[in-house]
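A short worksheet on the structure shown next.
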Amino acid sequence: RDVSCVAPRATAILPCVNDSSQAHQPHPFRAREPWLPDRPETLVVCCSDGRFHAQLEEFVRHEVSERADVFAVPGGPACVDPWTSSFDEARVFDQAMRLFSEAHDLHSVWLIAHQGCAYYAFKHPGNGPVELRRQQVKDLQAARERISAAHRKYSVRCFFAALEDGVVVFEDVDAASAAR
Numbered sequence: 099r100d101v102s103c104v105a106p107r108a109t110a111i112l113p114c115v116n117d118s119s120q121a122h123q124p125h126p127f128r129a130r131e132p133w134l135p136d137r138p139e140t141l142v143v144c145c146s147d148g149r150f151h152a153q154l155e156e157f158v159r160h161e162v163s164e165r166a167d168v169f170a171v172p173g174g175p176a177c178v179d180p181w182t183s184s185f186d187e188a189r190v191f192d193q194a195m196r197l198f199s200e201a202h203d204l205h206s207v208w209l210i211a212h213q214g215c216a217y218y219a220f221k222h223p224g225n226g227p228v229e230l231r232r233q234q235v236k237d238l239q240a241a242r243e244r245i246s247a248a249h250r251k252y253s254v255r256c257f258f259a260a261l262e263d264g265v266v267v268f269e270d271v272d273a274a275s276a277a278r
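Heads up, the sequence shown is in the working numbering, so the first residue is 99 and it goes up one at a time.
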């Protein structure tokens, strides 16, 4: 039994990583999902925070698309606008959008921000959760405007993922604003 991925104490398990220094790998991993040649029609722009990955994947598969392109970076949709991120981050996003636009068959872009985002906490120190969420929603809307202006054929949707009693809830920013 290979115990190289188990921590010395039984209370913690470390992630196993395929280390190239290992002598041999008995079997390569084979995905169960079949590969499909059709390009996805949806792009999801989200934060790379791993705490939300499982819930994000569930939301995307259930509400967005069985197969979506994903652009995940710290701060997620903040990268769209150079004034909310940096010119370098926005330039990388613009280059990616050119590629998606030319090589993929996109019809929609879904922008997803989340509660407790470290990117926003570092960028706006001293702001509490309410102020940070307000800023994230403002940035989602600015990102939508920027994408819509550059790529008129795309439908752009904005969502905020928040914790409610230990469950991640994805709220449509536009529906929430209209209800208030």
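For each residue, glycine too, the CB sits at the ideal point set by N, CA and C.
> When DSSP builds the beta bridges, which residues end up paired with Phe268?
Replying inline: Position 170 of the sequence shown, counted from the first residue, corresponds to residue 268. Beta-bridge annotation (DSSP): Phe268 is paired with Ala259.
> So who's on the other strand from Val142, going by DSSP bridges?
Replying inline: Residue 142 sits at position 44 when you count from the first residue of the sequence shown. Residue pairing from DSSP places Val142 in a beta bridge opposite Val168 and Trp208.
> Could you give the distance in angstroms between the alpha-carbon of Val265 and the alpha-carbon of Leu141?
Replying inline: Looking up residue 265 in the sequence shown gives position 167. Looking up residue 141 in the sequence shown gives position 43. Using only the alpha carbons, I get a separation of about 24 angstroms.
>> If the criterion is Cβ atoms closer than 9 angstroms, does the pair Glu187 and Gly173 meet it?
In response: Here residue 187 refers to the residue found at position 89 when the sequence shown is read from its first residue. Here residue 173 refers to the residue found at position 75 when the sequence shown is read from its first residue. For the pair Glu187 and Gly173, the CB atoms are nearer than the 9 angstroms cut-off.
>> Report the CB separation of Ile245 from Leu154 in whole angstroms; it is logged as a contact under 8 angstroms.
In response: Working through the sequence shown from its first residue, we reach residue 245 at position 147. Working through the sequence shown from its first residue, we reach residue 154 at position 56. Wrong, their Cβ atoms sit about 19 angstroms apart, outside the cutoff.
>> Let's test the definition: count the other Cβ atoms within 10 Å of the Cβ of Val138 and tell me whether it reaches 16, buried, or not, exposed.
In response: Residue numbering aside, residue 138 sits at position 40 when the sequence shown is read from its first letter. Residue identity differs from the one stated: residue 138 is Pro in this sequence, not Val. Pro138 is buried by the Cβ-count criterion.
>> Would you say the beta carbon of Val207 is closer than 8 angstroms to some non-hydrogen atom of the ligand SAH?
In response: Ligands are entirely absent from the displayed structure, and the ligand SAH is therefore not among its contents.
>> Within the continuous alpha helix (DSSP H) that includes Tyr252, where are the two ends?
In response: For the purposes of this step, residue 252 is taken as residue 154 along the sequence shown, with counting starting at 1. Element bounds for Tyr252: n/a, residue is neither H nor E.
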